[in-house]
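Here is the structure we will look at.
There are 2 protein chains.
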Amino acid sequence: MTEQMQRITLAGRPTGAPAPEHFGFETLDIPTPGEGEILVRVHYMSLDPYMRGRMDDGKSYAAPVPIGGPMEGGSVGEVIASNSSAFNAGDFAFGPFGWATHATANAKMCRKVDPSEGPITASLGVLGMPGFTGWYGLMEYGRPKAGETLVVAAATGPVGSMVGQVAKSLGLKTVGIAGGPEKCKMAVETFGFDACVDHRAFDDARSLRAAIKEACGGGIDIYFENVGGKVLEAVIPLMKPHGRIPICGMISWYNAGGLGAGASGEGITAPALWRNILVNFISVNGFIISNHWGDFPKFMKEIAPKVASGDIKVVEDIAEGLENAPAAFMGLLEGKNVGKQIVKVI
Amino acid sequence: MTEQMQRITLAGRPTGAPAPEHFGFETLDIPTPGEGEILVRVHYMSLDPYMRGRMDDGKSYAAPVPIGGPMEGGSVGEVIASNSSAFNAGDFAFGPFGWATHATANAKMCRKVDPSEGPITASLGVLGMPGFTGWYGLMEYGRPKAGETLVVAAATGPVGSMVGQVAKSLGLKTVGIAGGPEKCKMAVETFGFDACVDHRAFDDARSLRAAIKEACGGGIDIYFENVGGKVLEAVIPLMKPHGRIPICGMISWYNAGGLGAGASGEGITAPALWRNILVNFISVNGFIISNHWGDFPKFMKEIAPKVASGDIKVVEDIAEGLENAPAAFMGLLEGKNVGKQIVKVI
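Spelled out as structure tokens, the structure:
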């Protein structure tokens, strides 16, 4: 009898927050790799906010996951069979293996991970897509200058913590925003933010704005946008002339009707947003990191040594077992994770 | 007895559209120019949408006009007295002379206009602030490439017509948006747009969107934003990946609560706007042309010969008499003008 594998599928499309019934769990035969493919036994899988978008069927930068199809995502594991000269059995690979114990993928879509260089989980976070997103967006669209002030939310997450640490190393004043006193303490003590504001301590955007303004000691030059919602509403009137806003995500709106339908109009209005961009000459750039993998080697060259030396800190939140991935994902969307959310599959 | 002059003041702040009672009319002695100043007899004054913003007291890039203070604006006229070596009596000057028959200004804030080179009204439109706004925003933030598709509203206005004509000369497909069949005909026949869509023919953003999409024959690479509102809502989902949106204004929202309070939230929502910027990797840049006068000589060098040769067309709408400026301005905000709105003062 062929060996079996497990994977998690999309059982239904959520209209708000995903719930257990939106996920399926299936057992099937382990596939054999086709020409140019590798077969991987997944050790760790990544959970990321963008996956919420893939559960909707609205127009976006990536096709939605079909109903009944496997949940997509990046994972790292051991190559157990290879039909590609680029990998040998026993190598470790990062690739688009999804929410599964095993998967095949075209070797060209995968990259080798060397376990001797550090924990392989780094390939999912600090030295993977989220860390690269933070570094690239900050450097390319944030255009940081020493002495400026930067604000980023989800400050203890893998994107926010990278943005804050790189900006700080470049001489910027960094103000994080995070949910709860524990995360705020970590933002300052572990990730070196100059200050961190607990957005949960403020019911409305106006009072949150006052706290952010005080923490910044004035206006904001760079707002690295990964949350939207109340934080955006609080921050936007604090932007200084010629400010920059790189946008890599808007997690607070992902569950509000989903990316597909256009989320709730509560809070800030489009005219107010547009007006602020105009009157302060703000530069806003949406980006998706998958368009920029050409710069990944540059990122690794600059950041990997800093991770190895401990100059850039890493915090991971590791759930145990593939079957717990849906719960961990639902928690991620509510900000329950502390640090990069990973699932240990093996 | 000293000679007298007339000027128009801000009598009250409108909450929606300005009305006659928001303007005052006063007669006073003609001032004498101070050190470094010139005194000008205004021949033509410009009316521009940005002036609506100055009537509000919200935070913006420029201080509001105080209640009772003279309405501000750019005008062109003859120097009748000079305390500056830069101007002689008899010269013509463009400067911040406001809504007035006469005004003094620091000579450094003025520039000489040579009546032998063409109509002096050009300094208010095609070769002045609006034309420069269109050219600069297109070239700097629109980053036009041959074969791309550009959309601009107020296509027969001084900004939109410059944007369309320059883009067309660079090999772009140009689609204008204008109010009414007369303006649409002018956009195509006079200003050379490939097509022009009459936004008044469509009640809602969805049907307007379908018409714009058909006129474009697909998606939009550059949306030059000067109107906001229904047009923005129609256009934004049509943006192609890596599209660019320079923002120089949003006239359709100026009267909807004013720039100060944040306008009505009807129509497109902030999350939908933000989401479109993200998923299509759009670059949005607000700008105000007064930050960029350093590039004005480059603009003049490139565009003035094309105006002189007739390669760039000019349409002006000239109201007669300072006392008719408020009515002309109210009409401008409703799109009643055809071409650059000017008031002949003398």
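Chains as they are written, first to last, in my numbering: chain A, 1 to 346; chain B, 1001 to 1346. Yeah, the Cβ is synthetic: ideal placement off N, Cα and C, and Gly gets one too.
Residue(s) in a DSSP beta bridge with residue 104 of chain A: What you label residue 104 of chain A is simply residue 104 of the first sequence in a count that begins at 1. A:39.
The alpha helix (DSSP H) enclosing residue 1290 of chain B, as first and last residue numbers: Within the second sequence, residue 1290 of chain B is the residue found at index 290, counting from 1. Membership of residue 1290 of chain B in any alpha helix (DSSP H) is not indicated, and neither H nor E is assigned to it by DSSP.
Residue 1163 of chain B at chain A interface by Cβ criterion, 9 Å: Position 163 of the second sequence, counting from 1, holds the residue named residue 1163 of chain B. Answer no: the Cβ-Cβ gap between residue 1163 of chain B and chain A never drops below 9 Å.
Same chain only: Cβ atoms within 6 Å of residue 95 of chain A, ignoring 5 sequence neighbours per side: Mapped onto the first sequence, residue 95 of chain A falls at position 95. Correct list, in chain order: 105, 109, 110.
Near-chain B residues of the stretch 111 to 128 of chain A (beta-carbon distance less than 8 Å), N- to C-terminal order: Cβ contacts with chain B: none found.
Whole-angstrom distance between residue 7 of chain A and residue 70 of chain A, CA atom to CA atom: If you number the first sequence from 1, residue 70 of chain A lands on position 70. If you number the first sequence from 1, residue 7 of chain A lands on position 7. Each residue's Cα considered, the two are about 7 Å apart.
Residue 1326 of chain B, DSSP secondary structure in three states: Sequence index remark: in the second sequence, residue 1326 of chain B carries index 326 (1-based). Note: residue 1326 of chain B maps to helix in three-state DSSP.
Through-space distance from residue 201 of chain A to residue 1330 of chain B, alpha-carbon basis: The residue given as residue 1330 of chain B occupies position 330 in the second sequence. The residue given as residue 201 of chain A occupies position 201 in the first sequence. Residue 1330 of chain B and residue 201 of chain A have their C-alpha atoms roughly 46 Å apart.
Start-to-end residues for the beta strand (DSSP E) that takes in residue 1248 of chain B: What you label residue 1248 of chain B is simply residue 248 of the second sequence in a count that begins at 1. No beta strand (DSSP E) holds residue 1248 of chain B; DSSP gives it neither H nor E.
is_contact[residue 1061 of chain B, chain A] using C-beta, thresh 9 Å: Taking the second sequence and counting its residues from 1, the one referred to as residue 1061 of chain B is at position 61. Yes, contact with chain A.
Local Cβ density within 10 Å of residue 1161 of chain B, reported as buried at 16 or more and exposed below that: Counting from 1 along the second sequence, the entry for residue 1161 of chain B is found at position 161. Around the beta-carbon of residue 1161 of chain B, 16 or more other beta-carbon atoms lie within 10 Å, marking it buried.
Residue-chain proximity (residue 1250 of chain B, chain A), Cβ-Cβ < 9 Å: As a working note, residue 1250 of chain B is residue 250 in the second sequence. Yes, its Cβ sits closer than 9 Å to a Cβ of chain A.
Contact list for residue 153 of chain A against chain B, beta-carbon separation under 7 Å: On the first sequence, position 153 is the one that residue 153 of chain A refers to. The contacting residues do not exist; residue 153 of chain A stays about 14 Å from chain B at best.
Exposure label - residue 1237 of chain B; buried when at least 16 CB within 10 Å: Your numbering for residue 1237 of chain B matches position 237 in the second sequence. Buried, by the Cβ-count rule.
Stretch-stretch touch, CB-based, cutoff 8 Å, three pairs: the stretch 282 to 293 of chain A with the stretch 123 to 141 of chain A: Flag = yes, the stretch 282 to 293 of chain A and the stretch 123 to 141 of chain A touch.
Chain-ordered residues of the stretch 1280 to 1294 of chain B with a beta carbon less than 9 Å from chain A: Answer in chain order: 1280, 1281, 1282, 1283, 1284, 1285, 1286, 1287, 1288, 1291.
Residue 1047 of chain B in three-state terms, based on DSSP: Counting from one through the second sequence, the residue named residue 1047 of chain B turns up at place 47. Correct three-state label for residue 1047 of chain B: coil.
Per-residue DSSP class, three states only, for residue 260 of chain A: The residue you call residue 260 of chain A lines up with position 260 of the first sequence. For residue 260 of chain A, the pLDDT reaches just 34, beneath the cut-off of 50, and the residue's location in the model is therefore unreliable, although a value from the coordinates is still provided. Residue 260 of chain A falls in the helix class under three-state DSSP.
Proximal residues of chain A, C-beta to C-beta of residue 1342 of chain B below 9 Å: Locating residue 1342 of chain B in the second sequence gives position 342, where the first residue counts as 1. The contacting residues do not exist; residue 1342 of chain B stays about 24 Å from chain A at best.
Where residue 183 of chain A falls, given that 16 or more other Cβ within 10 Å makes a residue buried: Position 183 of the first sequence holds residue 183 of chain A. Its Cβ being crowded by 16 or more others within 10 Å, residue 183 of chain A is buried.
For residue 185 of chain A, the three-state DSSP class (helix, strand or coil): Position 185 of the first sequence, counted from the start, is the residue given in the question as residue 185 of chain A. Helix, per DSSP.
Strand pairing of residue 109 of chain A, partner residues [DSSP]: Sequence index remark: in the first sequence, residue 109 of chain A carries index 109 (1-based). DSSP lists no partner for residue 109 of chain A.
Residues of its chain near residue 281 of chain A, where Cβ-Cβ distance is below 7 Å and the 5 sequence neighbours each way are ignored: For the purposes of this step, residue 281 of chain A is identified with residue 281 of the first sequence, where counting begins at 1. So the qualifying residues of the chain are 241, 242.
9 Å Cβ cutoff, residue 1064 of chain B in contact with chain A: Indexing the second sequence from 1 puts residue 1064 of chain B at position 64. With 9 Å as the cut-off, residue 1064 of chain B does not count as an interface residue toward chain A.
Residue 1150 of chain B at chain A interface by Cβ criterion, 9 Å: Against the second sequence, residue 1150 of chain B aligns to sequence position 150. Not one chain A Cβ lies under 9 Å of residue 1150 of chain B.
Proximal chain A residues relative to residue 1277 of chain B, where beta-carbon distance stays under 7 Å: The residue given as residue 1277 of chain B occupies position 277 in the second sequence. Contact of residue 1277 of chain B with chain A by beta-carbon distance below 7 Å involves 247, 284, 286.
3-residue-minimum beta strand (DSSP E) runs that sit fully inside the stretch 1139 to 1214 of chain B, ordered along the chain: 1149 to 1153, 1173 to 1178, 1195 to 1198
Nearest residue (CA-CA) to residue 1144 of chain B, options B:1245, B:1121, B:1055: Locating residue 1144 of chain B in the second sequence gives position 144, counting from the first residue. Comparing Cα positions, the closest option is B:1245.
N-terminal and C-terminal residue of the alpha helix (DSSP H) that residue 1136 of chain B is part of: Counting from one through the second sequence, the residue named residue 1136 of chain B turns up at place 136. Taken as a continuous stretch (DSSP letters only), the alpha helix (DSSP H) holding residue 1136 of chain B covers 1129 to 1136.
Test: residue 262 of chain A CB closer than 9 Å to a CB of chain B: What you label residue 262 of chain A is simply residue 262 of the first sequence in a count that begins at 1. No answer about residue 262 of chain A holds up, because its pLDDT of 35 lies below 50 and its placement is not dependable.
With 16 other Cβ atoms within 10 Å as the buried cut-off, status of residue 341 of chain A: By 1-based counting over the first sequence, the position of residue 341 of chain A is 341. Burial is judged here by how many other beta carbons sit within 10 angstroms of a residue's own beta carbon; residue 341 of chain A has at least 16 and is buried.
Burial state of residue 1232 of chain B, where buried means 16 or more other Cβ atoms lie within 10 Å: Along the second sequence, one-based indexing puts residue 1232 of chain B at 232. Buried.
Among B:1204, B:1212, B:1170, the one whose alpha carbon lies nearest that of residue 1230 of chain B: Against the second sequence, residue 1230 of chain B aligns to sequence position 230. Nearest option by C-alpha distance: B:1204.
The stretch 45 to 57 of chain A in contact with the stretch 1015 to 1026 of chain B per 3-pair CB rule at 8 Å: no
Residues near residue 209 of chain A by beta carbon distance below 6 Å, same chain, minus five either side: Here residue 209 of chain A refers to the residue found at position 209 when the first sequence is read from its first residue. These residues qualify, in order along the chain: 234.
Where residue 1273 of chain B meets chain A, residues with beta-carbon distance less than 7 Å: For this step, residue 1273 of chain B is matched to residue 273 along the second sequence. Within 7 Å Cβ-Cβ: 270, 273.
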